[in-house]
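Chemist: Quick mapping for you: the protein sequence lines, in order, are chains A and B. Under the numbering used here, the first residue of the first sequence carries the number 7, and numbering increases by one thereafter. Under the numbering used here, the first residue of the second sequence carries the number 7, and numbering increases by one thereafter. For glycine and all other residues, C-beta sits at the position ideal for the given N, C-alpha and C. These figures come from a predicted structure and were not determined experimentally.
2 protein chains.
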Amino acid sequence: MTNSTTTPPQSFGVLLFPGFALLDACGPLELLNGLSSVVPITVSLIALDSLEPVATMISLESLSHEFKKSFEQQKPRAVQRLCPTHTLDDCPPLDVLVIPGGFGVPNASQDERVLKFIADSKAQTIITICNGAGILASTGLLDGKKATTNKWWFKEVTSVRPQVNWVQKARWVHEGRFWTSSGISSGMDVIAAYIRETYGEKIGELIPDILEYTPELNPDNDPFVDTWKKHVPANQTK
Amino acid sequence: MTNSTTTPPQSFGVLLFPGFALLDACGPLELLNGLSSVVPITVSLIALDSLEPVATMISLESLSHEFKKSFEQQKPRAVQRLCPTHTLDDCPPLDVLVIPGGFGVPNASQDERVLKFIADSKAQTIITICNGAGILASTGLLDGKKATTNKWWFKEVTSVRPQVNWVQKARWVHEGRFWTSSGISSGMDVIAAYIRETYGEKIGELIPDILEYTPELNPDNDPFVDTWKKHVPANQTK
């Protein structure tokens, strides 16, 4: 442990809102599954208001114009549904809250129940994946702090809360209670980094090795900062 | 496309058996979600016999001694449940069948319904992740062919079907209809490789870029072939 006087976290929770991105949640979850084989932790999946399975897609019609235009370029036809274990109202106290991104972020960022849940959370650590940083930023908790987010939607996410010190080139950023990561698959790297820092080198190496995953160890190494430009036609460049 | 006379695959299915590994399924699924935003494909999640959500954990008591001993070292406390869209009986015709691994593989490998479904499949391509290769091998379809699987459980999986030409050092192996990959996270690399080969370079680069994921491009580069030995005490070395 980095600090032997600190109780290691035991209670993890992953927020599941309609339109969460599957790998944003399931990459971190598989690392936490591995962690749970060697450390007595619990992992809750927290839906907003019911235990019905939560879908990875939402109706894009409900989104504001700026997001809709951006999202339509990447809208998948395929949808999956993951089962929550709790709702915002009956969620156990969490030591670590994980907030994925996805197409549903603009709506979740304007949902007062979600913002209150995060703002009231006593979690010692809050980790966001992809544009999930936009939900956390909407609470105001990131104001004046360094943070990063998905690079395809960087402008859209960061413009919602310019009070944050947004870092464009970063695989992940850690400041105080908050760890924020880049797009989708970066969730595995930020969780692996969090596990290394929190549980030490031995467990920190074991968990990605169980997954046969080579995590990025350098938070500043972000090969995707400009990658989207390669794929977006020049006349659509943001 | 690698072969312009071949119809590109439109119908993908991922097998969901009790005790499937979450990332084995959801890593490939997120790449297929990305693919579905640019190509008109469908993605089915195929449970055995009901549309009830399928859990990532099973009772280890039901496994044979050899697997139980090996699995107990990695048994997670955390469990997730993913919703199927079809069962073996009502699954639409598939062009591509994806078989994840997980703790439930020994049981699925002895389930005649599963083996018949795979053996009867007209899918032009079958892709296995992790010890999911053990399920495919149990049908006999891999006999005399090169294949790989998870490296932590390599001995247990391969000993079930020695007629296969098992390749120990490989991130993934492609022979004919069959693509088999190494442990858990390698599923993302084999699906990315399959997409590159099938849909060409432009889409092949776009899809992992959407996920901000750097795929392994060399199927022979397997940094995990001996990694498990670092973590397993010498007196438990297999």
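Check whether the Cβ of Ser191(B) lies closer than 8 angstroms to any Cβ atom in chain A.
Modeler: yes
Chemist: Is any beta-carbon of chain B found at less than 8 angstroms from that of Cys97(A)?
Modeler: Contact of Cys97(A) with chain B is not assigned, every C-beta pair being separated by 8 angstroms or more.
Chemist: Looking only at its own chain, which residues have a Cβ that is under 8 angstroms from the Cβ of Trp178(A), when we skip the five neighbours before and after it?
Modeler: Thr154, Trp185, Thr186, Ser187, Ser188, Ser192, Asp195, Val196, Ala199, Pro225
Chemist: Straight-line CA distance for Leu54(A) to Leu148(B)?
Modeler: 45 angstroms
Chemist: Any idea if Asp30(A) is buried or exposed, counting beta-carbon neighbours within 10 angstroms, 16 or more meaning buried?
Modeler: buried
Chemist: Counting beta carbon pairs with one atom in the region 219-236 of chain A and one in the region 78-97 of chain B, are three or more of them shorter than 8 angstroms?
Modeler: no
Chemist: Near Arg119(B), which residues of its chain fall below 7 angstroms by C-beta distance, leaving aside the five closest residues on each side in sequence?
Modeler: Leu54, Leu94
Chemist: Can you check whether the CB of Val49(B) is closer than 8 angstroms to the CB of Leu38(B)?
Modeler: Judged by their CB atoms, Leu38(B) and Val49(B) are nearer to each other than the 8 angstroms cut-off.
Chemist: Can you give the Cα-Cα distance for Ala209(A) and Thr233(B), rounded to whole angstroms?
Modeler: First, the amino acid is wrong: residue 209(A) is Ile here, not Ala. Distance between the alpha carbons of Ile209(A) and Thr233(B) is about 14 angstroms.
Chemist: According to DSSP, is Ser68(A) part of a helix, a strand, or is it coil?
Modeler: helix
Chemist: Could you check how far apart the C-beta atoms of Gly110(A) and Ile64(A) are, in whole angstroms? I think they sit under 8 angstroms.
Modeler: Contact holds; Cβ gap of about 5 angstroms.
Chemist: How many angstroms separate the CA atom of Ser17(A) from the CA atom of Leu35(A)?
Modeler: 13 angstroms
Chemist: Given Leu28(A), which residues of its chain have a CB within under 6 angstroms of its CB, disregarding the five upstream and five downstream residues?
Modeler: Thr62, Gln86
Chemist: Below 8 angstroms between beta carbons: does that hold for Pro59(A) and Ser42(B)?
Modeler: Cβ distance not < 8 angstroms, so Pro59(A) and Ser42(B) don't count as in contact.
Chemist: To the nearest angstrom, how far is it from the Cα of Ser70(A) to the Cα of Gly25(A)?
Modeler: Note on geometry: alpha-carbon atoms of Ser70(A) and Gly25(A) lie some 15 angstroms from one another.
Chemist: Buried or exposed: where does Lys236(A) fall if 16 or more other Cβ atoms within 10 Å of its Cβ makes it buried?
Modeler: exposed
Chemist: Quick one: residues in its chain with C-beta nearer than 7 angstroms to the C-beta of Ser68(A), no 5 flanking neighbours on either side, listed in chain order?
Modeler: If we look at Ser68(A) and ignore the five residues flanking it on each side, its Cβ neighbours are Asn113.
Chemist: Are the C-beta atoms of His237(B) and some chain A residue less than 8 angstroms apart?
Modeler: Closer than 8 angstroms: yes.
Chemist: Less than 8 angstroms between CB atoms is the rule here; does Lys244(A) satisfy it with respect to chain B?
Modeler: Only weak support exists for where Lys244(A) lies, its pLDDT of 48 falling under 50; the coordinates are left without a value.
Chemist: Taking Cβ to Cβ, would you say Gly19(A) is nearer than 8 angstroms to Val104(A)?
Modeler: A contact, by the Cβ cut-off of 8 angstroms.
Chemist: Which one of Gln130(A), Lys75(A), Ala84(A) has the shortest CA to CA distance from Val102(A)?
Modeler: With distances taken between Cα atoms, Val102(A) lies closest to Gln130(A).
Chemist: Looking at chain A, which residues of the region 208-229 of chain B have a Cβ within less than 9 angstroms of any of its Cβ atoms?
Modeler: Lys208, Glu211, Leu212, Pro214, Asp215, Ile216, Leu217, Glu218, Tyr219, Thr220, Glu222, Asp228, Pro229
Chemist: Based on DSSP bridge pairs, tell me the residues matched to Thr48(A).
Modeler: Paired residues: Ser17(A).
Chemist: What does the alpha-carbon distance come out to for the pair Thr8(B) and Ile47(B)?
Modeler: A caution first: Thr8(B) carries a pLDDT of 46, below 50, which makes its placement in the model too unreliable to give a value.
Chemist: Is Phe160(A) helix, strand or coil when you go by DSSP?
Modeler: helix
Chemist: Can you tell which of Thr220(B), Pro214(B), Thr164(B), Pro168(B) has the C-alpha that lies nearest to the C-alpha of Gly138(B)?
Modeler: Thr164(B)
Chemist: Closer than 7 angstroms between beta carbons: that is the criterion. Which residues of the region 72-98 of chain B meet it against chain A?
Modeler: Gln80, Lys81, Pro82, Arg83, Ala84, Gln86, Arg87, Leu88, Cys89
Chemist: Report the rounded CA-to-CA distance for Pro14(A) versus Glu203(A), giving the unit in angstroms.
Modeler: 11 angstroms
Chemist: Please name the residue in Ala125(A), Leu51(A), Asp117(A) whose C-alpha comes closest to that of His92(A).
Modeler: Leu51(A)
Chemist: Give the range of the alpha helix (DSSP H) segment to which Glu36(B) is assigned.
Modeler: First-last of the alpha helix (DSSP H) with Glu36(B): 28-42.
Chemist: In the structure shown, what three-state DSSP assignment does Thr166(A) receive?
Modeler: Per the sequence presented here, residue 166(A) reads as Val, with Thr not at that position. Here Val166(A) sits in coil by DSSP.
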